[in-house]
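Take 593 as the starting number for the sequence shown in our numbering and just add one per residue.
Glycine included, C-beta positions come from ideal geometry on N, C-alpha and C.
Some notes on the structure that comes next.
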Amino acid sequence: MFEYPVVLESQPEGGFVVTFPDVPEGITQGEDEDEALMYAIDALETALSFYVDARRPLPVASAANGRPTVRPSALECAKLGVYQAMTEQGIKKSELARRLGWHMPQVDRLFDLTHASRFDHIEAAARALGRQIEIRVA
Numbered sequence: 593m594f595e596y597p598v599v600l601e602s603q604p605e606g607g608f609v610v611t612f613p614d615v616p617e618g619i620t621q622g623e624d625e626d627e628a629l630m631y632a633i634d635a636l637e638t639a640l641s642f643y644v645d646a647r648r649p650l651p652v653a654s655a656a657n658g659r660p661t662v663r664p665s666a667l668e669c670a671k672l673g674v675y676q677a678m679t680e681q682g683i684k685k686s687e688l689a690r691r692l693g694w695h696m697p698q699v700d701r702l703f704d705l706t707h708a709s710r711f712d713h714i715e716a717a718a719r720a721l722g723r724q725i726e727i728r729v730a
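Right, dumping it as structure tokens:
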């Protein structure tokens, strides 16, 4: 989930530019393919935070079709999953705060992708939406 294909474009002056067909706000570059893909994770996380901040639905990832893919960190994927469940159900942050017995700043921090939220808080939010967090090591 939240694994997005990227387009790596070699540049005449050297290096690679990375763009996301499904997330046009995400763009970055690197000196080589590995560095470009590493920076692509940060660019994706930043771009997806724009959607969360604007309370817009998250973009759906298209098929990779042989392209490399990147995804946010596990913690951010969990936060994005809770955000997606909340938007799919039409639940506002204030309702989630009420269900959890939290103050609004706590809910705001939960959806701040740069904040290192506690995992048990993310799990509690998922449960309040009738969901659960699943983790796997591949």
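Exercise. Which of the three DSSP states, helix, strand or coil, is assigned to residue 620?
Worked result: Within the sequence shown, the letter at position 28 stands for residue 620. Strand, per DSSP.
Problem set entry | Pair within 9 Å by beta-carbon distance, residue 663 and residue 596 | In the sequence shown, the residue the question calls residue 663 occupies position 71. In the sequence shown, the residue the question calls residue 596 occupies position 4. When the beta-carbon positions are compared, residue 663 and residue 596 come within less than 9 Å of each other.
Exercise. Would you call the region 627-635 and the region 703-713 in contact, with 3 or more CB pairs under 8 Å?
Worked result: no
Exercise. Which two residues bound the contiguous alpha helix (DSSP H) that contains residue 638?
Worked result: Position 46 of the sequence shown, counting from 1, holds the residue named residue 638. 625-645 is the extent of the alpha helix (DSSP H) around residue 638.
Exercise. Do you know how far the Cα of residue 615 is from the Cα of residue 644?
Worked result: Numbered from its first residue, the sequence shown carries residue 644 at position 52. Numbered from its first residue, the sequence shown carries residue 615 at position 23. Residue 644 and residue 615: Cα-Cα distance of roughly 13 Å.
Problem set entry | Separation of residue 606 from residue 669, as counted between CA atoms | Here the question's residue 669 lines up with position 77 in the sequence shown. Here the question's residue 606 lines up with position 14 in the sequence shown. About 32 Å.
Exercise. Are three or more beta carbon pairs between the region 714-722 and the region 667-682 nearer than 8 Å?
Worked result: yes
Exercise. Can you tell which of 641, 603, 604 and 601 has its C-alpha closest to the C-alpha of residue 731?
Worked result: The structure shown does not extend to residue 731, since the chain is modelled only from 593 to 730, so the question has no answer here.
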